[in-house]
Structures are given as C-alpha cells and as structure tokens.
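One structure is given here, and the rest of the page talks about it.
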Amino acid sequence: MQVRYVNPFPTDFVQKVLSSSRLTVAVENNYSGQMAGLIRERTGIAMNSKVVKFDGRPFSQNEVYEGVKDVVRDGAKEVTLSHA
553 MQVRYVNPFP TDFVQKVLSS SRLTVAVENN YSGQMAGLIR ERTGIAMNSK
603 VVKFDGRPFS QNEVYEGVKD VVRDGAKEVT LSHA
C-alpha cells in the first residue's frame with residue numbers, strides 16, 4: 553500500500569489494509585520512518601519492520617526486494633540500505 557496524501561489521512565482505508573496483514577513493513581526514504589510514525593499515530597497500528605534509505609538517492613526495485621527479503625527471511629526489525 554502506498555499512502556499518497558496525509559491530509560486528510562485515509563485512516564479507515566489504512567486501518568482496514570493493515571489489520572488484515574500478517575506482516576507490515578514500512579519502506580521509507582528517510583532515517584526516522586516518518587510515515588510509519590504517522591500511521592501508528594492515526595491508526596494505532598505499528599509496523600513490524602522498516603526498510604530505510606537516507607542517502608538522498610531513490611530506491612531501486614532490487615533494493616526494495618532485498619530489504620524486504622531480509623525482513624521476511626531473517627526477521628530483521630530494521631534494514632538500512634545505502635548506495636553501493
């Protein structure tokens with residue numbers, strides 16, 4: 553799911569999607585996981601894990617895949633990516 557706007561926040565939709573999910577992973581292009589924090593604030597649902605990248609470069613498809621794979625395979629709570 554991609555939240556495209558924050559005001560008004562789509563609380564009901566986000567709550568419905570996340571409450572039916574076994575694993576929730578926030579993929580964010582910032583260090584602190586701002587959207588994950590906003591989702592928790594508005595819905596009461598915390599992400600299980602997060603994949604972050606904060607080097608000023610956008611995610612590649614492969615980076616997202618590898619980051620989420622680390623979460624699923626190893627149970628990582630936080631994966632930090634960087635441009636290699």
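Each residue of the sequence shown is one higher than the one before, starting from 553 at the first, in this note's numbering.
By construction, the Cβ of each residue, glycine as well, lies at the ideal position given by its N, Cα and C atoms.
Three-state class that DSSP yields for residue i in the structure shown
i: A684; result: Residue 684 is absent from the structure shown; the chain starts at 553 and stops at 636.
i: V631; result: strand
i: F565; result: helix
i: Q554; result: coil
i: S573; result: coil
(request) Mind the definition here: the stretch 623-634 touches the stretch 601-610 only if three or more C-beta pairs lie below 8 Å; say whether that holds. (result) Yes: the two stretches touch, three or more of their Cβ pairs being nearer than 8 Å.
(message) So within the stretch 589-628, which uninterrupted alpha helix (DSSP H) runs reach at least 4 residues, ignoring any that extend past its ends?
(response) 613-626, all fully within the stretch 589-628.
(request) Check whether the stretch 578-585 touches the stretch 603-612, taking contact to mean three or more Cβ pairs, one atom from each stretch, closer than 8 Å. (result) yes
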